[in-house]
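Numbering (the numbering used here), first residue to last: 1114 to 1312. Just so you know, even glycine gets a beta-carbon here, dropped at the ideal spot from N, CA and C. First comes the structure, then the notes that go with it.
What follows is the structure, given as structure tokens:
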């Protein structure tokens, strides 16, 4: 083992220093998640809870796409390290090895973020019957463009849960944040069609 290590270049040693610990952490994460121990341990850099750790009763946060998370960083370091270690062997161009390793790491990071986003999206929407909100009131959270030209967001009660969901309007006036609107229909399964409540 020592002889093999001594034959490595400084660049290869660097990549192995990055890849081996991050791989161990990734395996531990997988095992803990599989047995249900690590469900609340994954945090973003801004101290927000990661999408996989959100309770499905709060889909407002669960459906946010989070590119930077602890899992994502570990995925980046793991792929970055192993790709770099492979490419830096046999006297390969060090600059190219770093560039390819970095791009590979970001691809892995994006894949992990998208995977957990997709899973959380299924969790948050699959347990609620959005049709039950039709006829009810909602509050505009992110402005909604007029004439179905843009998607905003509303906060609305669905089956007793206050959720945040995408919304559009067919009305000729944009709906501003804080306005109270009525849900009149559902589009594409999870997008509320709303209109300003007539006075």
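Answer with buried or exposed for residue 1120, where buried requires no fewer than 16 other C-beta atoms within 10 angstroms of its C-beta.
The C-beta of residue 1120 has fewer than 16 other C-beta atoms within 10 Å across all chains shown, which makes the residue exposed.
CB contact flag (residue 1250, residue 1217, <8 Å)
Not a contact, by the Cβ cut-off of 8 Å.
Pick helix, strand or coil for residue 1292, following the three-state DSSP scheme.
Secondary structure of residue 1292 (DSSP, three-state): coil.
Among 1148, 1271, 1226, 1215, which has the Cα closest to the Cα of residue 1241?
Comparing Cα positions, the closest option is 1271.
Quick check on the DSSP output: the beta strand (DSSP E) that includes residue 1270 runs from which residue to which?
First-last of the beta strand (DSSP E) with residue 1270: 1265 to 1271.
Residue 1285 - partner residues in DSSP beta bridges:
Residue pairing from DSSP leaves residue 1285 without any beta-bridge partner.
Taking the beta carbon of residue 1224 as the centre, do at least 16 other beta carbons fall within 10 Å, making it buried, or is it exposed?
Residue 1224 sits exposed, since fewer than 16 C-beta atoms from the chains shown fall within 10 Å of its C-beta.
DSSP on residue 1067, reduced to helix/strand/coil?
Residue numbering for the chain in the displayed model covers 1114 to 1312; residue 1067 lies beyond these limits and cannot be assessed.
Would you list the one or two residues that DSSP bridges to residue 1279?
Residue pairing of residue 1279 in beta bridges, as defined by DSSP: 1266.
Pull up the distance between the alpha-carbon of residue 1264 and that of residue 1301, whole angstroms please.
C-alpha separation (whole angstroms): 13 Å.
Per-residue DSSP class, three states only, for residue 1299
Of the three classes helix, strand and coil, the one that applies to residue 1299 here is strand, per DSSP.
Tell me which residue opens and which closes the beta strand (DSSP E) that residue 1310 is part of.
Element bounds for residue 1310: n/a, residue is neither H nor E.
Would residue 1277 pass as a contact of residue 1254 if the rule is Cβ separation under 8 Å?
Taking 8 Å as the Cβ cut-off, residue 1277 and residue 1254 qualify as a contacting pair.
Which residues DSSP lists as bridging residue 1192, in chain order:
Residue 1192 is not bridged to any residue.
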